[in-house]
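Q: In the working numbering, the protein residues as written are 244 to 366.
Have a look at this one.
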């Protein structure tokens, strides 16, 4: 299984989740086998200026089955679900913390509204 997480920095498994998935500077892709992290890579976000659907397509092209985010709108969630990528929202923490919590079955979506919601939502 591969898990995607938008991050604010590139500090390996200690990278922290980004407030806004679409405008995050980086995306982490974590491969999990037998409930263990076996590899991870962090890439610069190629779509910081994006059209609707571009980031879900990118995440799917990297082989992700799940995306764990802090904040994400309903339209983006629909794009991911249509592509077969399960979206989890309302998460916070580091890549390592989030993946371990997900593997343990303790991570589920919660409603999350960033304080500056209108700042990035012009598409």
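Every residue gets a Cβ at the ideal spot worked out from N, C-alpha and C, and that includes glycine.
Provide the residue(s) that pair with residue 251 in DSSP beta bridges, ordered along the chain.
A: Looking at the DSSP output, residue 251 sits in no beta bridge, so it has no partner there.
Q: In its own chain, which residues sit with a C-beta less than 8 Å from the C-beta of residue 250, not counting the 5 before and 5 after it?
A: 258, 259, 260, 261, 267, 268, 269, 270, 271, 285 and 338
Q: In this structure, what does DSSP give as the bridge partners for residue 271?
A: Its beta-bridge partners are 248 and 285.
Q: Please specify which runs of the alpha helix (DSSP H), each continuous and at least 4 residues long, are wholly inside the region 298-339, giving them in chain order.
A: 317-325
Q: For the candidate residues 299, 345, 347 and 279, whose alpha-carbon lies nearest to that of residue 288?
A: 299
Q: Taking C-beta to C-beta, are residue 331 and residue 304 nearer than 8 Å?
A: no
Q: Since residue 283 contacts residue 309 with CB under 8 Å, what's their CB separation in whole angstroms?
A: With 8 Å as the limit, residue 283 and residue 309 do not qualify as a contact, their Cβ atoms being about 14 Å apart.
Q: Pick from 334, 297 and 344: whose alpha carbon is nearest that of residue 321?
A: Minimum Cα-Cα distance from residue 321 among the listed residues 334, 297 and 344 corresponds to 297.
Q: Measuring only the C-alpha atoms, how far is residue 301 from residue 347?
A: Residue 347 has its alpha-carbon roughly 27 Å from the corresponding atom of residue 301.
Q: Pick out whichever of 290, 281, 277 and 274 has its Cα sitting closest to the Cα of residue 263.
A: 290
Q: In this structure, what does DSSP give as the bridge partners for residue 280?
A: 275
Q: When we look at the beta-carbon of residue 318 and count the other beta-carbons within 10 Å, is it buried (16 or more) or exposed?
A: exposed
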